[in-house]
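Peer 1:
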Ligand code: NAP
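Residue numbers (my numbering): 30 to 314.
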């Protein structure tokens, strides 16, 4: 059996097309979603991510600002910029690109972003609202994972979902969102014993560990949905997921490739959060 491929690029394009139409309608009411991205230092991967976000804003008709700050910028100066953006009416979403240089405390910066402009969904209030099931801005990659599972047409309710990885930015929020969809969720991590026995029970398997090609066919129940969040740069420069796609696709159900699976969804969900934040700011949501 060869699995069907979940095409994140295509889903992303569809979502962006419907957002473009909505942005056009909003602009007729004088509302233009605005995103500010702050980059401190010159990390090459971060520079690429920031450029992609800038381009996505441009393509969708959002207002965007990119603040490129020197790596030696003090925490106080960064917090002052966040404070200014919190107060700026043309800005509905603020994203401070992580990681930050070592002398800046990431938590202090995330905590300083206004909750309603926290389009990364990392502020403790948004995280808390996610935990208790209240309305919140959802973290982008986990929201993208759920959207991709929905697109398979496979009902999550009542299914056994296993998440490998328990980070604050992927594994934990994915597990909460799966519970919200009424899946029964098991979390695995680096201390999990007999992991294969657990993952082989999964109807839905989400992998977010950061180890290239770690999950092979032996981890997967025949027909299971497999979502690979991993993005690992190999020595030859190529990008690899955490799932050994070639072997797993022979046993799994719908599966995401890397690249072209979860990756494209992350920026799309960021744009969606900015649109939601803009509508809320104007009392339209
Ligand atoms: P992370 O913070 O390093 O967390 C990795 C998690 O995997 C930890 O919970 C760790 O367990 C677990 N783990 C590590 N080795 C394991 C093993 N051998 N068996 C079981 N669990 C293991 O990573 P992350 O930020 O969640 O990112 C995970 C991957 O997703 C990375 O490849 C990253 O690049 C990618 N990512 C992609 C996107 C996207 O847009 N597509 C966004 C974010 C991240 P412990 O907690 O026990 O240490």
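All C-beta atoms in this analysis are idealised placements derived from N, C-alpha and C, irrespective of residue type, glycine included.
(1) Collect the residues with a C-beta less than 7 Å away from any heavy atom of the ligand NAP and give them in sequence order along the chain.
(2) Spell out a yes or no on whether the segment 137-149 and the segment 172-188 are touching, meaning 3 or more CB-CB pairs, one atom from each, closer than 8 Å.
(3) So, do the segment 232-248 and the segment 191-210 have three or more beta carbon pairs nearer to each other than 8 Å?
(4) Would you report the Cα separation of residue 274 and residue 228, rounded to the nearest angstrom?
(5) Let me check one thing: in DSSP terms, what residues is residue 256 bridge-paired to?
(6) May I ask which residues mark the beginning and end of the alpha helix (DSSP H) holding residue 172?
(7) Helix, strand or coil: how does DSSP classify residue 269 here?
(8) Please identify the residue among 150, 62, 36 whose C-alpha is closest to the C-alpha of residue 311.
(9) For residue 216, which of helix, strand or coil comes out of DSSP?
(10) Going straight from the alpha carbon of residue 156 to that of residue 32, what length do you get?
(11) Under 8 Å, with one C-beta from each stretch per pair, do the segment 170-181 and the segment 216-232 reach the 3-pair mark?
(12) Taking only three categories from DSSP, how would you classify residue 107?
(13) Do you know whose CA, among 197, 231, 286, 91, lies nearest residue 60's CA?
(14) Take residue 280 and list the residues in its own chain whose beta-carbon comes closer than 6 Å to its own, dropping the five residues that flank it on each side.
(15) Enumerate in chain order the residues of its own chain whose CB-to-CB distance from residue 79 is below 7 Å, with the five nearest sequence positions on each side excluded.
(16) Counting C-beta neighbours from all protein chains within 10 Å, is the total for residue 97 16 or more, i.e. buried, or is it exposed?
(17) Rounded to whole angstroms, what's the CA-CA distance from residue 114 to residue 168? Just pull it up for me.
(18) Excluding the 5 residues flanking residue 129 on each side, which residues of the same chain have their C-beta closer than 6 Å to its C-beta?
(19) Identify, in the order they occur along the chain, each residue of the same chain with its Cβ nearer than 8 Å to the Cβ of residue 209, setting aside the five sequence neighbours on each side.
(20) Within 10 Å of its beta-carbon, does residue 277 have 16 or more other beta-carbons around it, so buried, or fewer, so exposed?
(21) Between the beta-carbon of residue 309 and the beta-carbon of residue 145, is there less than 8 Å?
(22) Between residue 259 and chain D, is there a C-beta pair that is closer than 8 Å?
(23) DSSP has residue 94 in a bridge; who is on the other side?
(24) For residue 125, report the span of its beta strand (DSSP E) as first-last.
(25) Looking at the strands, I want to know which residues DSSP matches up with residue 306.
(26) Which residue from 43, 49, 294 puts its Cα closest to that of residue 172?
(27) Run the CB neighbour count on residue 282, radius 10 Å, all protein chains shown included, and call it buried at 16 or more, exposed below.
(28) Over the uninterrupted beta strand (DSSP E) stretch that includes residue 284, give me the two end residues.
Peer 2: Taking the structure as given:
(1) 170, 193, 194, 195, 196, 198, 199, 200, 217, 218, 219, 220, 221, 224, 237, 238, 239, 240, 243, 258, 259, 260, 261, 271, 291, 292, 295
(2) no
(3) yes
(4) 16 Å
(5) 235
(6) 169-180
(7) strand
(8) 62
(9) strand
(10) 34 Å
(11) no
(12) helix
(13) 91
(14) 246, 249, 251
(15) 66, 68, 95, 126
(16) exposed
(17) 20 Å
(18) 69, 135
(19) 162
(20) buried
(21) yes
(22) Among the chains in the structure shown there is no chain D, since it carries only a single protein chain.
(23) 65
(24) 122-125
(25) Paired residue(s): none; residue 306 is not in a bridge.
(26) 294
(27) buried
(28) Taken as a continuous stretch (DSSP letters only), residue 284 belongs to no beta strand (DSSP E), as it is neither H nor E.
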